[in-house]
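The sequence shown maps to residues 29 to 137 in my numbering.
Virtual Cβ for every residue (Gly too), placed ideally from N, Cα, C.
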Amino acid sequence: MTKDCDPSELFSAVQRAAQGELYFMPAIAERLASLSVLGEQSPQALLDERSLEIFKLMAEGLTNAEIADKLGVSSKTISNSSQAIKDKLGVERAADITRLAVRHGVLQA
């Protein structure tokens, strides 16, 4: 569960846990499934949830300013995050980000 999950979803998760069951939020379950299928070098494996969100927006072609506006943070924050993402993934250009996103199923072609 994430700290910003819907209260009703948290309630359901607690109920399932009390019954001895596992519960994963859909986004986390998808990420875990991607890790098992795509391996440890995928963006899903290398990036945390916020960085993966920024990665997706970068792959869609949004500028740093557009991403910052969409996420409600400064352009400088996105610029720093963008560079860190590129470093982690070993890419330099925006086109490389898009190719990676398509290859690993983060973005549909």
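Give the secondary structure of Arg121 by DSSP, where H, G and I count as helix, E and B as strand, and everything else as coil.
In the structure shown, Arg121 sits in coil (DSSP, three-state: anything other than H, G, I, E or B).
Whole angstroms are fine: how far does the CA of Met29 sit from the CA of Leu38?
Annotation: Leu38 to Met29 spans about 7 Å, alpha carbon to alpha carbon.
Taking just the CA atoms, how far does Gln47 sit from Asp97?
Roughly 42 Å separates the two Cα atoms.
Since Thr126 contacts Leu117 with CB under 8 Å, what's their CB separation in whole angstroms?
The pair is not a contact, with the Cβ atoms about 12 Å apart (cut-off 8 Å).
May I ask you to report which of helix, strand or coil DSSP gives Gln111?
Correct three-state label for Gln111: helix.
If you measure between the beta carbons of Ala129 and Phe83, is that distance less than 8 Å?
At a Cβ-Cβ threshold of 8 Å, Ala129 and Phe83 count as neighbours.
CA-CA distance, Ala41 and Glu77?
Cα to Cα, Ala41 sits roughly 20 Å from Glu77.
Please confirm whether Ala57 and Met86 have their CB atoms less than 8 Å apart.
For Ala57 and Met86, no; Cβs fall outside 8 Å.
Can the beta-carbon of His132 be found closer than 8 Å to that of Pro54?
The answer is no: Cβ separation not under 8 Å.
Note down, in chain order, each residue of its chain lying with its Cβ closer than 8 Å to the Cβ of Glu120, except the 5 sequence neighbours on either side.
For Glu120, where only same-chain residues beyond five positions count, the Cβ hits under 8 Å are Lys114.
To the nearest angstrom, how far is it from the Cα of Ser109 to the Cα of Asp34?
Using only the alpha carbons, I get a separation of about 26 Å.
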